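Heads up: the sequence shown begins at 1 in UniProt numbering, then just goes up one per residue. Notes to accompany the following structure.
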Amino acid sequence: MKEERLKIWRALSDLFLDTEIDELTFNYIARSISESELSLSEAEEILWYEVYPVLESNLRSVAGVWEGWSDEWLLQNLPAPVRPSAIHGGSSIVKEIKQCWQQVAKAYEGQNA
1 MKEERLKIWR ALSDLFLDTE IDELTFNYIA RSISESELSL SEAEEILWYE VYPVLESNLR
61 SVAGVWEGWS DEWLLQNLPA PVRPSAIHGG SSIVKEIKQC WQQVAKAYEG QNA
């Protein structure tokens, strides 16, 4: 199962890098979702319940990861060991990820229209 999820984890993890996220990133994530057999809502669930709990701390770090995580690291650390019942973290981080997700969804809709 983990290997099947790797491509979507890799794409979604870009939302948590300590870099400026641009339209190319949103399009890449949207394309990765389109190429998977996941619906947009399934991908969003993976974002919030598998990826976010593990990677959100990178956005709080003074010197966060900016070059990306290796496939090996993603396979070892994702999904989150316990599915959270609620999304925790700084409200500014949650807000930022929600705004980014809206851009991904917009790109997805454009690619699949």
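We treat Cβ as the ideally placed atom computed from N, Cα and C, and that holds for glycine. Keep in mind that this is a model prediction, so the values were computed, not measured.
Three-state class that DSSP yields for residue i in the structure shown
i	result
glutamate 67	coil
glutamate 23	helix
arginine 83	coil
tryptophan 75	Looking at the sequence itself, residue 75 is leucine, so the reference to tryptophan does not match. Helix.
alanine 113	coil
arginine 5	helix
leucine 40	helix
Residue i, buried or exposed, once every other Cβ within 10 Å from all chains shown has been counted against 16
i	result
proline 81	exposed
serine 32	buried
Through-space distance from residue j to residue i, alpha-carbon basis
i	j	result
residue 114	leucine 78	Any property of residue 114 remains undetermined from this structure, which presents the chain solely from 1 to 113.
tryptophan 101	alanine 30	10 Å
alanine 63	leucine 55	14 Å
glutamine 111	glutamate 44	17 Å
serine 61	isoleucine 93	12 Å
threonine 19	serine 91	19 Å
tyrosine 52	asparagine 58	10 Å
glutamate 72	glutamate 109	31 Å
Beta-carbon contacts of residue i that lie in its chain and below 7 Å, excluding the five residues immediately before and after
i	result
leucine 74	Leu6, Trp9, Arg10 and Ser13
Spatial neighbours of residue i in its chain, beta-carbon cut-off 8 Å, leaving aside the 5 residues before and after
i	result
glutamate 3	Leu75
Inset, instruction - Could you tell me whether the region 96-106 touches the region 36-52, using the rule of 3 or more Cβ pairs below 8 Å? - result: The region 96-106 is in contact with the region 36-52.
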